Amino acid sequence: MSQLSIRHALPDDEEELARLDRAEWSPLHEVLPEQRPPYRPFFDERHLPGDTLVAEADRRILGYIRLAFPTGLEANAHVRQIQGFVVSGEARGRGVGRALIRAVTEEARRRGARRLSLRVLGHNTPARRLYESEGFAVEGVLPEEWLLAGEYVDDVIMGRRL
2 MSQLSIRHAL PDDEEELARL DRAEWSPLHE VLPEQRPPYR PFFDERHLPG
52 DTLVAEADRR ILGYIRLAFP TGLEANAHVR QIQGFVVSGE ARGRGVGRAL
102 IRAVTEEARR RGARRLSLRV LGHNTPARRL YESEGFAVEG VLPEEWLLAG
152 EYVDDVIMGR RL
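Residue numbers (the working numbering): 2 to 163.
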């Protein structure tokens with residue numbers, strides 16, 4: 002893998018990001034059912050290209066992370082939430098995920114956030130380890146919140162101060 006760069010997504014990235022999302026779908030990290038045609042758009046009114054950071058090498062997108070407001074309420078406008086994080090299978094274990102977490106943390110700070118939160122499935126041990134190593138702590142657990150592939154799975158809420 003040549004030099005990794007992180008940048009904001011562009012509208013023209015939509016097809017490649019949607020393809021990556023579908024290729025990496027797994028009940029390990031996704032509560033929505035696997036997508037079937039017709040596919041929903043990757044960008045929408047709550048998730049604009051400028052709210053998505055992409056990791057790229059050799060002009061190929063290797064992963065993305067999406068930053069959003071957790072709600073539309075003014076009372077928690079100081080919080081940003083990670084609402085999508087995917088790294089291609091070929092790029093895992095090469096620092097791409099860590100680079101995206103660090104970049105989105107800086108982006109949240111730049112946007113004036115005081116806190117950054119996320120939700121992760123309890124059985125997604127690799128992601129939880131990564132988040133913890135980057136300063137996130139478990140702030141709550143919703144036990145058996147999801148039924149995925151016949152198993153009940155906890156919804157783990159994590160966050161950190163910025």
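Backbone N, C-alpha and C define an ideal beta-carbon position, used for all residues, glycine too. Bear in mind the structure is a predicted one, so any value in this text is a computation, not a measurement.
Setting aside the 5 residues that flank it on each side, Pro12 is surrounded in the same chain by Phe44 and Pro50, each with a C-beta closer than 8 Å to its C-beta; the list follows chain order. By a beta-carbon distance limit of 8 Å, Ala10 contacts Tyr65. Their separation comes to about 7 Å. Glu108 is classed as buried because its beta carbon has at least 16 other beta carbons within 10 Å across all chains shown.
The straight-line gap separating the alpha-carbon atoms of Gln4 and Gly90 is approximately 18 Å. Per the Cβ contact rule, the segment 14-29 is not in contact with the segment 71-78 (fewer than 3 Cβ pairs under 8 Å). Bounds of the alpha helix (DSSP H) holding Pro127 are Thr126 to Ser134. With contacts defined as CB atoms closer than 8 Å, Met159 and Val121 qualify as a contacting pair. The beta strand (DSSP E) runs lying completely inside the segment 10-81 and spanning 3 residues or more are 53-58 and 61-69, given in chain order.
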